[in-house]
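Below is one structure, written out as structure tokens; comments come after it.
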Amino acid sequence: MPSSQSQPRKIGTYTVLATLGEGAASILYAVQHPKTKQVSALKFVEKTSEKSQRFLDQVEQEYAIGSKLDHKSIRKIRKLVKHRKLLKIISVSMIMELIDASTLDQQLPKNHAHAVDIFLQVAEGLAHMHSRGFVHADIKPNNVLVDEDGNVKIIDLGQACAIGTVKKRIQGTPGYMAPEQAHRGEIVPKTDIYNLGAMMYWVLLGEVIPTAMPPKGTSESLVSGAVDADKVNLPIPPHDQNPRINALLSKQIMDCIQPKLEDRPDSMVVVLNKLELIRDVLNEPISSTQIVDGSTTFGD
């Protein structure tokens, strides 16, 4: 696989402009099409062994889902290019919309009203995914981009799947994943509701919630294996930790992160409607006060 130390001049027909970042099995480049001059992001994955085949399969799955989506809050996936040698696929390139924005963990909202607007846009994008028959299954702060104008883009469909999928192995992010993910149950729209709730909690308070698969390094992670849903402790409600957080927003978050599926909101549309109501209740201009970290220093 090309590395940032030896940036290729071209990948296929695309001219490489810059290296944007590296993942566990991929490299992201800014590229330009030679004829149209359109600048895009290119995710490159190379087959280095038989074990790495799953990373190529994952990109193909990401393209298969992303190409069926069309929403302003979801990064557009334009094309998948398979590179062959002696008829065998040796690498793949996925061409995507290039976005000038920061992830939520890099740049937090300016205040609670701004945060709710971001949550609302994420919920709209997820509701669109659900209407097309898919679940994102990995909503977290670094999978949400926000540009200077406040526009949101959901990224990384690497764990996305059809509604009702049962995965062969545990996938998700500790501290955000729903119990059904930790126990390899069916992945459903309510899985995204839980992930979104966990993300909202972190954005407002700078803390991950207790989940069935806690992050490494926490006392909860010392437990062997995934925790049963009925043994997952709920966190302190956001409003109780910081009374300046709107009580309706606090309740919405707590509803989303209920460990049992049946206790969560019925659909992302329900969440969306509640967030619209909360936005209207707040109905205040965004202040210039900046958040220094994720700890409660909003300018509300």
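Using the numbering used here, the letters of the sequence shown correspond one by one to residues 1 to 300. From the three backbone atoms N, C-alpha and C, an ideal C-beta is built for every residue, glycine too. All figures in this text were calculated on a predicted structure; none of them were measured in a lab.
Query raised in the report: Expressed to the nearest angstrom, what Euclidean distance is found between the alpha-carbon atoms of V135 and M213?
Result: 19 Å
Query raised in the report: Can you list, in chain order, the residues of its chain whose CB lies under 8 Å from that of L28, leaving out five sequence neighbours each side?
Result: T19, L20, G21, E22, A41, L42, K43, F44
Query raised in the report: Buried or exposed: where does I89 fall if 16 or more other Cβ atoms within 10 Å of its Cβ makes it buried?
Result: exposed
Report task. Decide if K274 is buried, meaning its Cβ has at least 16 other Cβ atoms within 10 Å, or exposed. Result -> buried
Report task. Would you kindly work out how many angstroms separate the C-alpha atoms of E46 and P235, rounded to a whole number? Result -> 41 Å
Query - Every unbroken beta strand (DSSP E) within the segment 161-202, with a cutoff of 3 residues, ordered by chain - result: none
**Report entry** For S250, the first and last residue of its enclosing beta strand (DSSP E)
**Finding:** Looking at the DSSP string, S250 is not in any beta strand (DSSP E); the run it does join, the alpha helix (DSSP H), is 247-256.
Query raised in the report: Roughly how many angstroms lie between the CA atoms of C161 and R279, to the nearest whole one?
Result: 30 Å
Query raised in the report: Under the three-state reduction of DSSP, which class applies to H83: helix, strand or coil?
Result: strand
Query - In chain order, each beta strand (DSSP E) run of at least 3 residues that lies wholly inside the segment 102-148 - result: 144-146
Report task. Please go through the same chain and pick out, in chain order, the residues whose beta-carbon is closer than 6 Å to the beta-carbon of K140, but skip the five residues on each side of it. Result -> T173, Y176, M199
Query raised in the report: Which class does K274 belong to by DSSP, given the choice of helix, strand or coil?
Result: helix
**Report entry** Per-residue burial, K82 [other beta carbons within 10 Å of its own, 16 or more giving buried]
**Finding:** exposed
Query raised in the report: Among R54, D70, A226, N246, which residue has its Cα nearest to the Cα of G133?
Result: D70
Query raised in the report: T103 to V146, Cα distance in whole Å?
Result: 6 Å
Query raised in the report: Quick one: what's got a C-beta closer than 8 Å to V232's C-beta in the same chain, skipping five residues either side?
Result: P179, P210, T211, A212, P259
**Report entry** Opening and closing residue of the alpha helix (DSSP H) in which L56 lies
**Finding:** 53-66
Query raised in the report: Buried or exposed: where does V122 fall if 16 or more other Cβ atoms within 10 Å of its Cβ makes it buried?
Result: buried
Query raised in the report: When the Cα of R184 is compared with those of N111, P8, K167, which residue comes out closest?
Result: K167
**Report entry** Closest Cα partner of E50 within the set I245, S6, S91
**Finding:** S91
Query raised in the report: Nearest to G197 by CA position, among Q171, P243, V116, is which residue?
Result: V116
Requested in this report: Mind checking who T19 pairs with in its DSSP beta bridge?
Outcome: Y29
Query raised in the report: What span of residues does the beta strand (DSSP E) with S40 cover, start to end?
Result: 39-46
**Report entry** From P189, S250, P243, E262, residue whose alpha carbon lies closest to that of V269
**Finding:** P189
Requested in this report: Out of Q252, A64, V208, Y14, point me to the one whose CA is closest to T36's CA.
Outcome: Y14
Query raised in the report: Who are the near neighbours of L56 in its chain, counting only those whose CB is closer than 8 Å to its CB and skipping five residues on each side?
Result: V45, K47, I89, S91, V92
**Report entry** Bridge partner(s) assigned by DSSP for I74
**Finding:** I154
Query - Selected residue, minimal CA-CA separation from I170, among I163, Q159, G164 - result: Q159
Requested in this report: Return the chain-ordered list of same chain residues with a C-beta closer than 6 Å to the C-beta of M1, the five sequence neighbours on each side being excluded.
Outcome: Any reading at M1 needs caution, since the residue's pLDDT is 44, under 50, leaving its predicted position unreliable; the model's value is listed next. Closer than 6 Å at the Cβ level, and outside the excluded window around M1, lie E46.
Requested in this report: Determine the extent of the alpha helix (DSSP H) in which Q241 is found, giving its start and end residues.
Outcome: 238-241
Query - Cβ neighbours of E97 in the same chain (closer than 8 Å, five flanking residues each side left out) - result: S40, A41, R75, K76, I77, R78, K153
Query raised in the report: Distance, Cα to Cα, P265 vs L204?
Result: 20 Å
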